[in-house]
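Novice: Just passing along the structure, written as structure tokens.
Numbering (full-length UniProt numbering), first residue to last: 1 to 188.
Here it is, written out as structure tokens:
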């Protein structure tokens, strides 16, 4: 099921309009998740889906972010996993969004993002997200359940624990393959 296009249309002057648009969907997060977003869904043909997440060590600034890029055939076509430092899970989630946008910009593709859990309120990174968002004809941010974002969460946790190899797309961890299998089954 294709979600409606994002109502926000970037314009270089309109940060206040972006801010109003950005905050509105996030304020009622628990009311936004619908049944169609409880499991990973195929993106439409020609659209890449970017799932992203953060894993953070409790009581520490140590964290890791992951971005998984898949096409309409469920194939993983690109990815990022890296360590970072952040004060909160919210800050890590915002860094993951920024990383997904940077990856999408490098690829030059349309973007459909999926994520769940956090309300974002980190102003400096919001500004960077705003600037990057202007480079896309279509961009859609959608909250989903943890189950629908399990693959990105799995990679972020493996990266944080130091057990993710540098060539993890070529030699995919078994736990990641299991997540992909669940996603494929739920999408069919």
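C-beta: ideal position from N, C-alpha, C; glycine also.
Three or more C-beta pairs under 8 Å: does that hold for the region 84-95 against the region 179-187?
Specialist: The region 84-95 vs the region 179-187: no contact.
Novice: Would you kindly check if the distance between the Cβ of residue 66 and the Cβ of residue 155 is under 7 Å?
Specialist: In this structure, residue 66 lies closer than 7 Å to residue 155 by Cβ.
Novice: Mapping DSSP to helix, strand and coil, what is residue 144?
Specialist: Residue 144: coil per DSSP, three-state reduction.
Novice: What are the residues that DSSP puts in a beta bridge with residue 83?
Specialist: Residue 83 pairs with 64.
Novice: Classify residue 71 as helix, strand or coil using the three-state DSSP reduction.
Specialist: Three-state result, residue 71: coil.
Novice: Just to confirm the assignment, what range does the beta strand (DSSP E) spanning residue 51 have?
Specialist: From DSSP, the beta strand (DSSP E) with residue 51 extends over 48-56.
Novice: Under 7 Å, do residue 169 and residue 79 count as touching if we go by C-beta distance?
Specialist: Contact: yes.
Novice: Quick one: Cα of residue 58 to Cα of residue 178, how far?
Specialist: Near 26 Å, if we compare the C-alpha coordinates of residue 178 and residue 58.
Novice: For residue 160, which residues from the same chain have a beta carbon less than 8 Å from its beta carbon, with the 5 sequence-adjacent residues on both sides left out?
Specialist: Contacts found: 55, 56, 57, 62, 63, 64 and 83.
Novice: Within 10 angstroms of the Cβ of residue 166, are there 16 or more other Cβ atoms? Answer buried if so, exposed if not.
Specialist: By the 10 Å Cβ count, residue 166 comes out exposed.
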